[in-house]
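In our numbering, the protein residues as written are 68 to 411.
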């Protein structure tokens, strides 16, 4: 497929989305607020989606209409809409949040463009549907999701079980390369862990849970357990305390909500992803993201334009400046690797 097809699809979908009367649409206030935050840079987000779609299609060895694609953690469904706009044959939208599923469905009703199937749930529900329909999707794309997944080992195991040849693309701003981004995200983590970004913060949640579940612990032990169980859910906290084996967090900043396991923008070394996928004979390739050049200010436009040129021209060093990365998870021996234009 030529780039002009993507550019045309982005332009047409941008115009279509900008014309939607979101305030009167029958969707939740949460989704209205989320979409409102995206709309000023909607062309930028669609360009990110198009980059993933272009890589996935180029490496599949199939025409777009032959592909079955999963939009995992699909949110408002904009990726699904773009995928259908460029001719993807079958698009499966999956999201754990029922409000987001409803919003994506309503947007399809209003615009006439969207996923062919809407699933509420996660890997388990997707696996059930694939088993019941004997379907083997070819391509999975997830944006701003992988940094929040609690148990990546289980996550990847579930996806590969659906199709051992599934190609997967994940975008994440939780890049382990860009020092500015890391510093910014770690401040957010600290604020969620012990600061005032949330009330109660994650440390307090763990402390109160342990104090309630294990009333015999003295204050020193209680504090020690609350500190060393950072990054664990209540269920796992209960298990490690009963085993009396204090865990050692592998990172000084990464933290999650102990109620649901949702990580706060977790930053992982790329080797971790490779380790998780090695048993399934997958390669993991990192591609460089880019900045939004759609700016009202001429100065901001020029800065972003220069940064994108720098990122593009400096090979692996460009990862130090990239605002996000694309993590491509590709079955070994597939044609995807050689067709990935942003590989580093």
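Glycine residues also receive a C-beta, built at the ideal position from the N, C-alpha and C atoms.
Residue of the options minimising C-alpha distance to residue i
{"i": "residue 86", "options": "96, 163 and 174", "result": "174"}
{"i": "residue 97", "options": "127, 149 and 170", "result": "170"}
{"i": "residue 326", "options": "217, 131 and 158", "result": "217"}
{"i": "residue 374", "options": "190, 83, 73 and 245", "result": "245"}
{"i": "residue 255", "options": "322, 376, 396 and 102", "result": "322"}
{"i": "residue 223", "options": "247, 193, 153 and 250", "result": "193"}
{"i": "residue 317", "options": "303, 304, 283 and 339", "result": "339"}
{"i": "residue 144", "options": "70, 102, 304 and 123", "result": "102"}
{"i": "residue 319", "options": "74, 84, 249 and 367", "result": "249"}
{"i": "residue 177", "options": "226, 272 and 148", "result": "148"}
{"i": "residue 188", "options": "140, 75 and 288", "result": "140"}
{"i": "residue 83", "options": "283, 345 and 179", "result": "179"}
{"i": "residue 380", "options": "310, 357 and 367", "result": "357"}
{"i": "residue 346", "options": "302, 221 and 304", "result": "221"}
{"i": "residue 79", "options": "151, 122 and 343", "result": "151"}
{"i": "residue 281", "options": "305, 272, 106 and 287", "result": "305"}
Check whether residue i and residue j have beta carbons under 8 Å apart
{"i": "residue 240", "j": "residue 211", "result": "yes"}
{"i": "residue 393", "j": "residue 242", "result": "no"}
{"i": "residue 270", "j": "residue 279", "result": "no"}
{"i": "residue 136", "j": "residue 205", "result": "yes"}
{"i": "residue 110", "j": "residue 81", "result": "yes"}
{"i": "residue 332", "j": "residue 219", "result": "no"}
{"i": "residue 134", "j": "residue 159", "result": "no"}
{"i": "residue 229", "j": "residue 259", "result": "no"}
{"i": "residue 334", "j": "residue 353", "result": "no"}
{"i": "residue 131", "j": "residue 398", "result": "no"}
{"i": "residue 491", "j": "residue 100", "result": "With the chain running from 68 to 411 in the structure shown, residue 491 is simply not present."}
{"i": "residue 162", "j": "residue 142", "result": "yes"}
{"i": "residue 73", "j": "residue 155", "result": "no"}
{"i": "residue 190", "j": "residue 166", "result": "no"}
{"i": "residue 276", "j": "residue 289", "result": "no"}
Cβ-based neighbour list, residue i, same chain, cut-off 8 Å, excluding 5 preceding and 5 following
{"i": "residue 313", "result": "291, 292, 295 and 307"}
{"i": "residue 264", "result": "255 and 258"}
{"i": "residue 77", "result": "110, 113, 114, 117 and 149"}
Cβ of residue i within 8 Å of any chain C Cβ
{"i": "residue 317", "result": "No chain C appears in the structure shown, which is made up of a single protein chain."}
Cut-off 6 Å between Cβ atoms - residues of its own chain near residue i, not counting five sequence neighbours on either side
{"i": "residue 341", "result": "351"}
{"i": "residue 300", "result": "325 and 328"}
{"i": "residue 406", "result": "For residue 406, the predicted structure reports a pLDDT of 44, less than 50, and the residue's modelled location is therefore unreliable. The matter cannot be settled from this model."}
{"i": "residue 203", "result": "230"}
{"i": "residue 70", "result": "none"}
{"i": "residue 168", "result": "162, 185 and 187"}
{"i": "residue 89", "result": "99 and 102"}
{"i": "residue 213", "result": "237 and 239"}
Residue i: first and last residue of the uninterrupted alpha helix (DSSP H) it sits in
{"i": "residue 182", "result": "Here residue 182 belongs to no alpha helix (DSSP H), and DSSP marks it neither H nor E."}
{"i": "residue 138", "result": "First-last for residue 138: 135-139, but that is the beta strand (DSSP E), not the alpha helix (DSSP H)."}
{"i": "residue 256", "result": "246-260"}
{"i": "residue 355", "result": "Counting along the chain, residue 355 falls outside any alpha helix (DSSP H), though it belongs to the beta strand (DSSP E) covering 349-355."}
{"i": "residue 323", "result": "Run containing residue 323: none; DSSP gives neither H nor E here."}
{"i": "residue 81", "result": "70-85"}
{"i": "residue 199", "result": "190-200"}
{"i": "residue 280", "result": "269-280"}
{"i": "residue 312", "result": "Careful: residue 312 lies outside any alpha helix (DSSP H) and carries neither H nor E."}
{"i": "residue 329", "result": "Looking at the DSSP string, residue 329 is not in any alpha helix (DSSP H), and its letter there is neither H nor E."}
{"i": "residue 285", "result": "Run containing residue 285: none; DSSP gives neither H nor E here."}
7 Å Cβ shell around residue i - same chain, five flanking residues per side excluded
{"i": "residue 146", "result": "116, 138, 208 and 210"}
{"i": "residue 93", "result": "173"}
{"i": "residue 361", "result": "108, 110 and 111"}
{"i": "residue 298", "result": "316, 321, 322 and 323"}
{"i": "residue 359", "result": "108, 111 and 371"}
{"i": "residue 268", "result": "259, 260, 261 and 262"}
{"i": "residue 123", "result": "206, 208, 234 and 236"}
{"i": "residue 119", "result": "208, 236, 238 and 393"}
Where the beta strand (DSSP E) through residue i begins and ends
{"i": "residue 129", "result": "Neither: residue 129 is in no beta strand (DSSP E) and is coded neither H nor E."}
{"i": "residue 235", "result": "234-239"}
{"i": "residue 161", "result": "157-162"}
{"i": "residue 334", "result": "Per DSSP, residue 334 belongs to no beta strand (DSSP E) and is neither H nor E."}
{"i": "residue 395", "result": "392-398"}
{"i": "residue 209", "result": "206-210"}
Distance between beta carbons of residue j and residue i, contact taken as under 8 Å
{"i": "residue 401", "j": "residue 234", "result": "7 Å"}
{"i": "residue 215", "j": "residue 330", "result": "5 Å"}
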